[in-house]
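For reference, the structure discussed in these notes is given below.
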Amino acid sequence: MTDRTSSTLDKQTEVGSYFVATYPPFSAWTDAAVERDGKVALETPPVPGVPLGLYLHIPFCRKRCHFCYFRVYTDKNAQEVNDYLDVLAREWELCAAKPAIAGRPLNFVYFGGGTPSFLSTKQLEGLVGRLSALTPWKQAEEVTFECEPGTLTETKLSAIRGIGVTRLSLGVENFDDEILELNGRAHRSPEIGRAYAFARSLDFPQINIDLIAGMLGETDENWRRCVDRTLELSPDSVTIYQMELPYNTTISGNLLKGTGRFAQPVADWPTKRRWVREGFEALEAAGYHVRSAYTAVKNPERTRFIYTDRLWQGADMVGLGVASFGHINGVHVQNFDTWETYSAAVRRDEIPLSRAYRPTDEERFIREFILQLKLGSIAPSYFRDKYRVNVLERFRDQLDALKAEGYVQTITDQTVALTRDGLLRVDGLLTRFFLPQHTGIRYT
Ligand code: SF4
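Written out as structure tokens, the structure reads:
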């Protein structure tokens with residue numbers, strides 16, 4: 062993780078992970094902990110009052126984007142997709158029978174990928190029928206569905222609305238066809254406008270547009286146009302990620318081998334941060350509110366992100382599908398990360414876990430602290446009440462240093478708040494709060 066220090070973030074975008082999704086780092090999770098901790102957690106009744114979520118990984122895409130680092134397949138036929146959905150439904154039957162899960166209502170559901178909208182209407186409705194027969198999710202506060210604009214028809218969008226989706230997340234990433242092509246995206250700009258108009262006409266409670274700052278070929282002028290175009294569409298929320306290059310992307314592989322395939326470098330970190338800053342400022346000028354390092358929302362009263370809010374406060378979540386992550390009764394778990402090993406385990410009627418980690422109380426506290434910092438501020442009272450920890454004392458050195466560097470604005474008993482500079486590079490700052498044994502190791 063030496064590649065994610067603050068000073069690196071003042072330079073070129075090099076190959077390596079940047080985004081902090083959880084704590085401790087994935088590389089600390091082990092297969093030995095699957096039996097000892099992961100499966101024991103599933104056999105243990107839940108802690109009363111802890112919400113439960115469900116994540117479904119739909120690992121299919123029309124094309125693999127050159128910057129993609131997820132487990133996705135672009136070569137599966139309809140029968141193979143059906144087989145996968147059978148396995149997914151069976152996995153939920155196995156999980157839902159466990160004491161940790163049985164009888165609990167779902168607070169949130171998240172269809173991620175991959176491309177959930179790759180599924181046909183029939184496949185989607187079949188899957189949801191099987192899952193919700195076992196666990197109705199009508200009461201869920203939020204059902205999110207990630208879409209690739211080119212896969213959406215009006216009929217499919219109606220079906221997506223019909224299964225109870227509350228937030229439709231459109232993976233726009235960029236509005237320029239040349240940039241979309243250069244980065245290996247499957248969709249083109251006319252499909253964005255069409256999909257957005259269909260979605261609006263169907264009255265989804267929340268439509269989110271995803272953008273990426275720093276795609277190959279990005280320029281100041283084009284980025285401004287992307288932000289302007291987003292404002293014209295007026296979505297309920299906008300998510301902006303800064304392009305990173307983890308090891309397993311096509312771009313990273315070519316860079317490391319020196320093939321010269323991608324002649325244009327990814328913009329450096331200061332440029333990407335400037336683009337996000339400008340994007341946020343334009344959104345704020347139009348009435349949006351910045352709610353995290355990646356997200357701006359039009360109406361904070363109405364538009365919420367239950368999925369991240371719950372996870373960042375230690376909710377339970379079952380992750381179904383190949384390579385999916387979950388968190389049960391305080392234990393991190395991940396499924397087998399190949400199609401073959403994952404499906405074979407479920408077909409043997411086994412919960413398909415490949416690695417797990419039971420964080421200590423201190424590690425759970427650190428996890429929530431760093432994840433909630435992504436919101437731009439944390440309330441010390443939350444950590445006093447939940448973990449009996451005074452964060453101002455526990456992290457005095459780190460917070461004072463961050464304040465001196467201009468990344469923290471306020472340190473009081475009521476709040477610890479980042480500056481906009483701090484928020485825009487928050488993932489690069491979070492490692493400072495890691496325990497010493499986790500600072501020098503690989504993240505993934
Ligand atoms: S659409 Fe998303 S999941 Fe699919 S290849 Fe592109 S980045 Fe990866």
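Here the sequence shown is numbered in our numbering, starting from 62 and rising by one per residue. Even for Gly, the Cβ is constructed at its ideal location relative to N, Cα and C. No experiment lies behind these values; they were computed from the predicted model shown.
query, result
"Among Tyr418, Arg457 and Asn451, which one has its Cα closest to the Cα of Ser518?", "Only positions 62 to 505 of the chain appear in the structure, and residue 518 is not among them; the question remains open."
"Any chance the region 114-132 sits against the region 331-345, with 3 or more Cβ pairs inside 8 Å?", "no"
"Extract the residue ranges of the beta strand (DSSP E) inside the region 389-423, only unbroken runs of 3 or more that lie entirely within it.", "392-396 and 414-418"
"Would you mind working out which of Ser193, Ser178 and Cys122 sits nearest Arg151, comparing C-alpha positions?", "Ser193"
"For Pro109, tell me which candidate among Asn451, Asn390 and Ala260 has the shortest Cα-Cα distance.", "Asn390"
"Less than 8 Å separating the Cβ of Gly232 from some heavy atom of the ligand SF4?", "yes"
"Strictly by DSSP, which residues pair up with Asp22?", "Here the chain has residues from 62 to 505 only, and residue 22 is not among them."
"Is any heavy atom of the ligand SF4 found at a distance shorter than 8 Å from the C-beta of Arg125?", "yes"
"For Gln459 and Trp336, what's the separation of their Cα atoms in angstroms?", "27 Å"
"I need the straight-line Cα distance from Leu453 to Thr500, nearest angstrom please.", "21 Å"
"Just to check my reading of the structure: Asp271 and Leu231 have Cβ atoms closer than 8 Å, yes? What is that Cβ distance to the nearest angstrom?", "7 Å"
"Using the Cβ count rule (16 or more neighbours within 10 Å means buried), how would you classify Gln498?", "exposed"
"Who are the near neighbours of Gln325 in its chain, counting only those whose CB is closer than 6 Å to its CB and skipping five residues on each side?", "Leu277 and Gly278"
"Once DSSP output is grouped into helix, strand and coil, what is the label at Cys208?", "strand"
"For Lys333, does the count of other Cβ atoms within 10 angstroms reach 16, so buried, or fall short, so exposed?", "buried"
"Please determine if the region 126-137 and the region 148-168 are in contact, where contact requires at least 3 C-beta pairs separated by less than 8 Å.", "no"
"Along the chain, which unbroken stretches of the alpha helix (DSSP H) at least 4 residues long are found entirely within the region 156-218?", "182-195"
"Tell me, please, which residues DSSP counts as bridged to His118.", "Gly173"
"With respect to the beta strand (DSSP E) encompassing Val358, which residues constitute its N-terminal and C-terminal limits?", "Thr356 to Val358"
"List the endpoints of the continuous beta strand (DSSP E) containing Val477.", "Val477 to Leu479"
"Could you work out which residue in Lys464, Arg125 and Val379 is closest to Pro413 when comparing CA atoms only?", "Val379"
"Taking the straight line between their C-alpha atoms, what separation do you get for Met62 and Arg486?", "Per-residue confidence for Met62 stands at a pLDDT of 40, beneath the threshold of 50, marking its modelled position as unreliable; the derived number appears in the next sentence. The alpha-carbon atoms of Met62 and Arg486 are separated by roughly 15 Å."
"Between Thr473, Tyr504, Gln475 and Val477, which lies nearest to Asp488 when the distance is taken from Cα to Cα?", "Tyr504"
"For a quick check, are the C-beta atoms of Asp238 and Ser219 less than 9 Å apart?", "no"
"State yes or no: is the C-beta of Gly382 nearer than 8 Å to some heavy atom of the ligand SF4?", "no"
"Under 8 Å from any heavy atom of the ligand SF4, does the C-beta of Phe128 make it?", "yes"
"One question on the structure: do Phe121 and Gly175 come within less than 9 Å of each other, judged by their Cβ atoms?", "yes"
"Quick one: measure Cβ to Cβ for Ile268 and Leu229, integer angstroms, because I've assumed they're closer than 8 Å.", "5 Å"
"Bridge partners for Met378 per DSSP, in chain order?", "Gly114 and His388"
"Mind checking whether Trp153 and Leu381 have CB atoms under 9 Å apart?", "yes"
"For Leu306, which three-state DSSP category applies?", "strand"
"Using beta-carbon positions only, say whether Tyr130 and Thr310 come within less than 9 Å of one another.", "yes"
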